[in-house]
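Working notes, beginning with the structure itself.
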Amino acid sequence: MARLCWLPGDGVGPEVADEAQQVLATCAQARGWRLEFEPGLIGGASIEATGLPLTEPTLARARACDAVFKGPVGGPAWDHLRGEQRCEAGLLRLRKGLEVFANLRPAAVGPELVASSPLRPELIGAGIDILIVRELTGGIYFAEPKGRDGDRAVDTMAYSAAEVERLARVGFEAARLRRRRVTSVDKANVLESSRLWRDVVSRVAADYPDVVLEHQLVDSCAMLLVTRPAHFDVIVTENLFGDILSDEAGVLAGSLGMLPSASLGHPGRPGLYEPVHGAAPDIAGRGVANPIAAILSAALLLRYSLGRSDEARAVEGAVADALALGLRTADIAPAGHVPVSTQAMGSAVRTALAARLGR
Ligand SMILES: NC(=O)c1ccc[n+]([C@@H]2O[C@H](COP(=O)([O-])OP(=O)(O)OC[C@H]3O[C@@H](n4cnc5c(N)ncnc54)[C@H](O)[C@@H]3O)[C@@H](O)[C@H]2O)c1
3 MARLCWLPGD GVGPEVADEA QQVLATCAQA RGWRLEFEPG LIGGASIEAT GLPLTEPTLA
63 RARACDAVFK GPVGGPAWDH LRGEQRCEAG LLRLRKGLEV FANLRPAAVG PELVASSPLR
123 PELIGAGIDI LIVRELTGGI YFAEPKGRDG DRAVDTMAYS AAEVERLARV GFEAARLRRR
183 RVTSVDKANV LESSRLWRDV VSRVAADYPD VVLEHQLVDS CAMLLVTRPA HFDVIVTENL
243 FGDILSDEAG VLAGSLGMLP SASLGHPGRP GLYEPVHGAA PDIAGRGVAN PIAAILSAAL
303 LLRYSLGRSD EARAVEGAVA DALALGLRTA DIAPAGHVPV STQAMGSAVR TALAARLGR
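Just so you know, we're using this note's numbering here: the sequence shown kicks off at 3 and counts up by one.
Written out as structure tokens, the structure reads:
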């Protein structure tokens with residue numbers, strides 16, 4: 003039996019999480035395993051109910067489950083809040099509380115999505131398939147000192163060798179299952195923390211002689227992602243650079259609504275799965291959000307936390323099937339194409355999934 007902590011979040015979160023939940027239920031039903039969802043609140047929804055963006059009991063429940071699925075948090079109603087009261091503070095506490103230090107963000111553009119990508123087809127070539135492995139619990143988002151004193155504010159970029167090493171190993175292991183190329187991204191020409199980063203990643207690379215390692219400065223990496231995207235396989239990088247580069251890579255896939263993520267920590271502990279996109283308050287409640295990022299996050303959950311790789315592949319294949327049928331939500335629909343709703347996309351994926359699992 004699998005127990006999942008289910009935190010739909012705010013804005014479009016509940017809409018897309020519902021589609022992901024039904025996809026997981028379809029897998030469990032087709033393959034005869036038991037699945038239990040433990041619902042909880044995070045972000046604005048939690049603030050409204052408890053005054054806090056994440057409560058201690060919710061965090062304890064998340065820790066006790068096999069995996070955690072989280073929708074996006076935030077929205078204009080809570081933008082005025084500060085510090086620990088902010089929606090993002092709940093999200094950061096959840097990541098820290100689960101000790102998920104490696105954030106895996108795949109960004110792929112296959113033949114069916116070339117028309118939705120802002121890049122010219124010749125830049126996409128035979129396809130783009132990038133996996134960004136972002137450090138998630140250290141760096142400038144967490145290190146001290148941090149704070150504001152009148153007209154002066156400070157944030158600190160700090161890393162230990164141990165933090166860099168465990169992240170680098172996740173990247174090299176992932177590359178072994180892919181095209182065996184790791185691009186380590188830093189700002190070693192300016193930042194001392196980046197020089198440590200580069201030294202440690204180079205040292206770890208010696209344990210992976212079958213994987214090619216290259217170092218790239220973050221500014222040139224940002225440029226190469228749009229000029230030579232097919233060059234990249236696995237990108238390993240620190241928290242802030244990874245946050246920015248993964249959104250940039252997301253645009254290559256046509257929309258943030260296509261991008262899933264998995265956050266992994268220590269073996270045997272629950273992973274955290276969430277779409278990369280935010281709460282999208284501009285389209286929330288209208289049934290038009292793209293559920294694919296949430297559905298593909300559920301596929302990663304099947305693969306990394308439940309060890310159900312063939313069902314994960316079936317979900318990914320079912321998404322490709324639905325896209326191959328021509329279904330597009332508004333964010334990925336080319337001009338003149340009639341978009342489908344969140345529910346229609348989810349339903350088409352489940353139909354294709356049931357067919358794949360029944361084969
Ligand atoms: N991980 C998270 O919980 C997370 C991440 C980013 C932003 N946020 C929060 O979300 C709120 C809105 O932030 P933002 O506008 O900068 O980013 P956003 O990702 O919510 O939206 C950016 C654009 O992408 C579109 N979009 C996002 N997801 C989509 C989907 N599934 N389908 C179709 N279109 C989609 C939106 O409509 C918007 O035009 C803020 O409160 C922000 O703090 C949360």
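In this text, a Cβ means the ideal position worked out from N, Cα and C, and glycines have one as well.
Here the structure is a predicted model, which is why all the values come from computation and not from measurement.
Pair within 7 Å by beta-carbon distance, residue i and residue j
i       : j       : result
Leu-254 : Ser-162 : no
Phe-71  : Leu-138 : no
Ser-263 : Asp-68  : no
Ile-237 : Val-187 : yes
Gly-76  : Asp-12  : yes
Gly-92  : Pro-55  : yes
Glu-240 : Gly-141 : yes
Gly-127 : Ala-19  : no
Val-102 : Gly-267 : yes
Pro-341 : Glu-21  : no
Arg-136 : Gly-273 : no
Thr-185 : Glu-216 : yes
Ala-301 : Val-290 : no
Gly-256 : Leu-115 : yes
Ala-322 : Arg-358 : no
Asn-105 : Ser-299 : no
Ile-130 : Trp-80  : no
CB contact below 7 Å: residue i versus chain C
i       : result
Arg-183 : The chain labelled as chain C is not found in the depicted structure, where only one protein chain is given.
Simplified DSSP assignment, three categories, for residue i
i       : result
Ser-186 : strand
Ile-126 : helix
Val-351 : helix
Ala-346 : helix
Arg-150 : strand
Ser-419 : The structure shown has nothing for residue 419, since the chain only spans 3 to 361.
Ala-69  : strand
Pro-113 : helix
Arg-330 : coil
Glu-101 : coil
Asp-12  : coil
Phe-174 : helix
Ala-155 : strand
Arg-63  : helix
Gly-273 : strand
Ile-285 : coil
Contacts around residue i, its chain only, beta-carbon distance under 6 Å, and the 5 residues preceding and following it disregarded
i       : result
Val-214 : Arg-183
Pro-125 : The displayed chain sequence assigns Leu, not Pro, to residue 125. Hits under 6 Å: none found.
Cys-29  : Glu-313
Arg-180 : Asp-235
Thr-344 : Glu-17, Gly-289, Ala-291, Pro-293
Leu-61  : Gly-99
Residue range of the beta strand (DSSP E) that includes residue i
i       : result
Tyr-143 : Neither: Tyr-143 is in no beta strand (DSSP E) and is coded neither H nor E.
Ser-118 : Run containing Ser-118: none; DSSP gives neither H nor E here.
Trp-8   : 4 to 9
Ser-265 : 264 to 266
Val-290 : From DSSP, Val-290 is part of no beta strand (DSSP E); its letter is neither H nor E.
Leu-219 : 214 to 219
Leu-37  : 37 to 41
Host alpha helix (DSSP H) of residue i (start-end)
i       : result
Leu-247 : 241 to 254
Gln-24  : 15 to 33
Distance between beta carbons of residue j and residue i, contact taken as under 8 Å
i       : j       : result
Ala-32  : Ala-356 : 6 Å
Ile-44  : Leu-9   : 4 Å
Leu-198 : Tyr-143 : About 17 Å; that fails the 8 Å criterion.
Pro-16  : Pro-283 : With a Cβ gap of about 13 Å, Pro-16 and Pro-283 do not count as contacting.
Ala-66  : Leu-96  : Not confirmed; about 14 Å, so no contact.
Neighbourhood of residue i by C-beta distance below 7 Å, restricted to the same chain and skipping five residues each side
i       : result
Val-206 : Glu-167, Ala-170, Arg-171, Phe-174
Ala-350 : Ala-324, Leu-327, Leu-329
Leu-189 : The sequence given here places Lys at residue 189; Leu does not occur at that position. For Lys-189, where only same-chain residues beyond five positions count, the Cβ hits under 7 Å are Ser-196, Leu-219, Val-220.
Ala-27  : Leu-37
Gly-360 : Ala-32
Neighbourhood of residue i by C-beta, 8 Å cutoff - its chain only, sequence neighbours within 5 removed
i       : result
Val-278 : Arg-107, Ser-248, Asp-249, Gly-252, Leu-258, Leu-261, Pro-262, Ser-263, Ala-295
Ala-335 : Ser-118, Pro-341
Ala-346 : Leu-329
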